[in-house]
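If you read the sequence shown in our numbering, its first letter stands for residue 25, the second for the next number, and so on. Contents: one structure, followed by commentary.
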Amino acid sequence: MDERTLNSAMNIIMYAGDARSSIITALKVAREGSKEKGLELLEEAKKNLLEAHKIQTELLQGEMQGNPCEFSLLLVHSQDHLMNAMLAKDLAEQIILMIE
């Protein structure tokens, strides 16, 4: 795997993982009565997801411009992490907003 693909995959995993951790913590603190803190943690998660999404977009743009990245299981794994974290964020946001 080339270095660009490796770095991109690892950074996506890192940002998505940090986002997921914030999301899980957001749900926990909201459940314990701190809805506002939960929403703040979701904002933190959104920032990490945005960074991961930027990297993903760069890879896609490279592909469209004739500079594809090398296929690797690690890259697929990074995409899985990102999509799961994005889904978790969407669901957590709805759950926290239901808390009275």
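The beta carbon of each residue, even a glycine, is placed where N, CA and C say it ideally should be.
Ranked by how close their Cα comes to the Cα of residue 76, the residues 115, 94 and 106 have 106 in first place. Per DSSP, residue 124 lies in no alpha helix (DSSP H) and is assigned neither H nor E. The beta-carbon distance between residue 50 and residue 120, rounded to whole angstroms, is 7 Å. This is short enough to meet the 8 Å contact definition. Around the Cβ of residue 113, a 10 Å sphere holds 16 or more other Cβ atoms; the residue is buried. Cβ neighbours of residue 53 within its own chain (closer than 8 Å, five residues either side excluded): 61, 62 and 65.
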